[in-house]
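Have a look at the structure below, then the notes.
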Amino acid sequence: MAKDFIMEYRKEVKAVSSQIQIPPLMYDENDRPYMTAKGMRKYCIANVVVRGNGTGKVDINGQNLLYFEFMQDREQVMSPLTFTGLLFKVDIECKTMHEEMTKEWSRDSPPIGSKVGPGNTWRELGTTAQAGAIRLALSLALRSFVDEKMVEKMRLAGLLTQDVRRRERKKWGQEGARRKYTWKKR
């Protein structure tokens, strides 16, 4: 009786994961299943193509997994595959690019006001950002290869959540975003 009274004034909240539409697998001319996805991390954009019925081949910007120098980045890229159990069952193609490179200017013609020269170099793309973007894109693409229970487990593990943190800007009157100049009494 008390439960019925309380339920009169409550709204039922549906799970977000049940409302998300997972795209169906696409098939190439060889009748091989594949899925494409896009992931972002900091200022990096990753486009990933996952092909089913594979041998576990990983291609990142034309190189193998040794493209990443640090073991932590390699583990981050492979974590969705080990989590879903598709480690040696799919082939992966990844292309990463800097968000700034998608605009009209490039390294040869930097934006107005930027200094490129000795001491002031073009901000290179970090490997951690690349690995994070590939991990998100790979997780989004693998949703089509697994069942709904595994998709929910992936969501709970944080594989399907985009990391929206960005670099904090430098403040005037300070050495960096948070760091202050060395204090001198006189």
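Under UniProt numbering, the first residue of the sequence shown is numbered 1, with each subsequent residue one higher.
Where is the CB? At the ideal position from N, CA and C, for every residue including glycine.
Option nearest residue i by Cα separation, candidates the options
i           : options         : result
residue 132 : 54, 98, 163, 69 : 163
residue 47  : 141, 71, 151    : 141
residue 74  : 58, 89, 88, 147 : 58
residue 94  : 87, 39, 7, 2    : 39
residue 37  : 182, 66, 92, 10 : 92
residue 146 : 5, 161, 82      : 82
residue 126 : 161, 167, 90    : 167
residue 20  : 165, 7, 161, 66 : 161
residue 148 : 68, 6, 84       : 84
residue 96  : 14, 8, 41       : 41
Contact under 8 Å by Cβ, residue i with residue j
i           : j           : result
residue 139 : residue 154 : yes
residue 157 : residue 44  : no
residue 60  : residue 144 : no
residue 90  : residue 54  : yes
Cβ-based neighbour list, residue i, same chain, cut-off 7 Å, excluding 5 preceding and 5 following
i           : result
residue 64  : 58
residue 171 : 177
residue 69  : 127
residue 32  : 51, 52, 53
Limits of the beta strand (DSSP E) - the one that residue i falls within
i          : result
residue 38 : 33-41
residue 45 : 44-51
residue 73 : Unbroken run through residue 73 is the alpha helix (DSSP H), 71-84; no beta strand (DSSP E).
residue 95 : 91-98
residue 60 : 58-60
N-terminal and C-terminal residue of the alpha helix (DSSP H) that residue i is part of
i           : result
residue 134 : 127-142
residue 151 : 148-157
residue 8   : 2-8
Whole-Å CB distance - residue i paired with residue j, under 8 Å assumed
i           : j          : result
residue 135 : residue 77 : 6 Å
residue 88  : residue 56 : 4 Å
Spatial neighbours of residue i in its chain, beta-carbon cut-off 8 Å, leaving aside the 5 residues before and after
i           : result
residue 80  : 135, 138, 139, 142, 154, 159
residue 174 : 180, 181
residue 34  : 25, 26, 27, 28, 49, 50, 51, 52
residue 12  : none
residue 165 : 42
residue 8   : none
Contacting residues, own chain, Cβ-Cβ under 6 Å from residue i (five flanking each side not counted)
i           : result
residue 184 : none
residue 1   : none
Interface flag, residue i vs chain D, CB-CB below 8 Å
i          : result
residue 86 : No chain D is part of this structure, which consists of one protein chain only.
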